[in-house]
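Trainee: So that we are looking at the same thing, I have put the structure below in structure tokens.
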Amino acid sequence: MAVKLKANKREDLHKGTTRSIREAGRIPAVVYGNKKGNKTISVDSIELLKTVRDEGKNAIISLDVEGESVDVMLHDYQIEPLRDELVHADFYIVNMSQEMDVQVAIHLEGEAAGSKEGGVLQQPLYELSVRAKPADIPEQITIDISALNIGDSIMVSDLKEGRNYEILEDENTTIATVTAPDTAEEETTEEEETEPEIINERSTEEEE
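In terms of UniProt numbering, the sequence shown has 57 at position 57, counting the first letter as 1, and numbering is strictly consecutive.
The following block contains the structure:
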């Protein structure tokens with residue numbers, strides 16, 4: 001079920017108007033895609049951030065543009081680095097009956113058995129590329145790693161079947177692995193520093 005977000009039309013694109021929009025706690029945005037013309041809008045920045053935080057970046061948003069609703073996904077956004085503030089957003093209009101390719105976050109659940117024995121858990125892959133209809137896109141893909149022992153790995157091919165999405169990653173890609181601890185201690189080859197024995201040392205004293 002799509003989460004609702006209200007938006008206002010934005011027809012005056014002058015910098016002064018855009019500045020006023022941001023000062024009012026809103027951000028300028030654009031809606032496009034699915035063979036429809038671009039629309040310039042503004043949305044409440046706090047509401048948008050809350051939506052993404054609660055529903056995930058792949059959430060389907062029912063965008064209410066002054067009474068006209070359209071299903072969208074947050075496609076891109078811009079952050080002002082100095083103030084760390086959201087300043088612009090792009091929404092992509094989705095066709096709920098058509099599959100699309102997205103990146104979905106991987107969440108590792110549990111503590112690996114090998115980690116308890118001193119092994120080191122490594123996660124080379126943090127997102128999976130999947131193909132699904134918008135309503136079937138998962139918020140995240142959770143993988144239980146509690147049975148992983150030292151030397152074990154979870155590959156893309158190990159993920160369970162029966163899902164409503166297609167994984168596009170190579171099946172041989174490693175998602176998580178537990179490696180053995182580095183027990184190779186640096187061998188200190190300290191050579192005993194002894195003064196060399198001087199043989200047949202001549203006396204510095206001369207007999208007179």
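Here a beta-carbon is modelled for each residue, glycine too, at the ideal position from N, C-alpha and C.
Just curious, the beta strand (DSSP E) that T40 is in, first and last residue?
Mentor: As a working note, residue 40 is residue 40 in the sequence shown. Residues K36 to D44.
Trainee: When you compare each of N149, S146 and D170 to M155 by their alpha carbons, which one comes out closest?
Mentor: Residue 155 sits at position 155 when you count from the first residue of the sequence shown. Ranking N149, S146 and D170 by Cα distance to M155 puts D170 first.
Trainee: Using a Cβ-Cβ cut-off of 7 Å (strictly less than) and excluding sequence neighbours within five positions of E117, which residues of its own chain qualify?
Mentor: Taking the sequence shown and counting its residues from 1, one reaches residue 117 at position 117. The residues are I150.
Trainee: Helix, strand or coil for S20, going by three-state DSSP, please let me know.
Mentor: In the sequence shown, residue 20 corresponds to position 20, counting from 1. If DSSP states are grouped into helix, strand and coil, S20 belongs with the helices.
Trainee: Does the beta-carbon of N164 have 16 or more other beta-carbons within 10 angstroms, so that it is buried, or is it exposed?
Mentor: Reading the sequence shown from its first residue, position 164 is the one you call residue 164. N164 comes out exposed.
Trainee: For I167, collect the residues of the same chain with a Cβ closer than 7 Å to its Cβ; drop the 5 residues on either side in sequence, then sort them by chain order.
Mentor: Here residue 167 is taken as the residue at index 167 of the sequence shown, counted from 1. Excluding residues within five positions, the ones whose Cβ falls inside 7 Å are L128, V130, V156 and L159.
Trainee: Based on Cα-Cα distance, which residue from E47, N8, T51 and T17 lies nearest to V30?
Mentor: Translated into positions along the sequence shown, residue 30 becomes position 30. Comparing Cα positions, the closest option is N8.
Trainee: Just the C-alpha distance for G110 and D54, rounded to the nearest angstrom, thanks.
Mentor: Position 110 of the sequence shown, counting from 1, holds the residue named residue 110. Position 54 of the sequence shown, counting from 1, holds the residue named residue 54. C-alpha separation (whole angstroms): 22 Å.
Trainee: Skipping 5 residues on each side, what residues in its chain have a beta carbon closer than 6 Å to that of Q140?
Mentor: Translated into the one-based positions of the sequence shown, residue 140 becomes position 140. A105 and H107.
Trainee: Below 8 Å on the Cβ atoms is my contact criterion, and I expect L125 with T173 to pass it. Report the Cβ-Cβ distance as a whole number of Å.
Mentor: Looking up residue 125 in the sequence shown gives position 125. Looking up residue 173 in the sequence shown gives position 173. Indeed they touch by this definition, with Cβ atoms about 6 Å apart.
Trainee: What alpha helix (DSSP H) runs, 4 residues minimum, are completely inside the region 82–113?
Mentor: none
Trainee: For A132, tell me which candidate among Y92, S115 and Q98 has the shortest Cα-Cα distance.
Mentor: Numbered from 1 along the sequence shown, position 132 holds the residue referred to as residue 132. When only C-alpha atoms are compared, the closest one is Q98.
Trainee: Can you give the beta carbon distance from L13 to T40, rounded, assuming they're within the 8 Å contact cut?
Mentor: Along the sequence shown, read from residue 1 onward, the residue named residue 13 stands at position 13. Along the sequence shown, read from residue 1 onward, the residue named residue 40 stands at position 40. Right, the Cβ-Cβ distance comes to about 6 Å (below 8 Å), so this counts as a contact.
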